[in-house]
Amino acid sequence: MKKAIKLYKTGEFGLNAICKRYQIPKPTFKRHLLGTNVKAKEGLKSLGRVQVFSTEVEQELENQILKMEEIFFGLTIQDIRRAA
1 MKKAIKLYKT
11 GEFGLNAICK
21 RYQIPKPTFK
31 RHLLGTNVKA
41 KEGLKSLGRV
51 QVFSTEVEQE
61 LENQILKMEE
71 IFFGLTIQDI
81 RRAA
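Take the sequence shown: its position 38, counted from the start at 1, is 38 in full-length UniProt numbering, and no numbers get skipped.
Put into structure tokens, the structure is as follows:
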């Protein structure tokens, strides 16, 4: 794949020629070429949902929710979503 990308970027071969020569589907090659194949590049598998917030922001939000609970200020799910 790296060799195919290098040949394409140097202009030696076109997209169709490279895909035929290396037997790579066009959508797959385009994904690797544009760098949108980030998840596959990492090689790490994660279970569960994709993390939206960084760990620091998530911890700050958690602390804020717990502080509101301590002073008996009830928060609904919509309130938490708005705060996020």
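Think of the CB as a built atom: it goes at the ideal place given N, C-alpha and C, for glycine as much as any other residue.
Just so it is clear, the structure is predicted and the values come from calculations on it, not from any experiment.
Option in the options with minimal Cα separation from residue i
i     : options                    : result
ARG21 : ARG49, LYS67, LYS3         : LYS3
GLU56 : LEU34, ALA84, ILE18, GLY11 : ALA84
ARG82 : ILE65, PHE72, LYS30        : ILE65
GLU58 : LEU33, PHE13, ILE80        : ILE80
LYS30 : PHE53, ARG49, MET1         : MET1
Nearest-angstrom Cβ-Cβ length linking residue i and residue j, presumed shorter than 8 Å
i     : j     : result
LEU15 : LYS26 : 7 Å
LEU75 : MET68 : 6 Å
GLU8  : ILE24 : A quick correction: the sequence has Tyr, not Glu, at residue 8. About 11 Å separates the two Cβ atoms, so there is no contact after all.
Start and end residues, alpha helix (DSSP H) containing residue i
i     : result
PRO25 : From DSSP, PRO25 is part of no alpha helix (DSSP H); its letter is neither H nor E.
ARG1  : Looking at the sequence itself, residue 1 is Met, so the reference to Arg does not match. Note, MET1: premise wrong, no alpha helix (DSSP H); not H, not E.
ALA84 : No alpha helix (DSSP H) holds ALA84; DSSP gives it neither H nor E.
GLN64 : 55-70
Within-7 Å CB hit, residue i to chain B
i     : result
ARG82 : You won't find chain B in this structure, because it holds only one protein chain.
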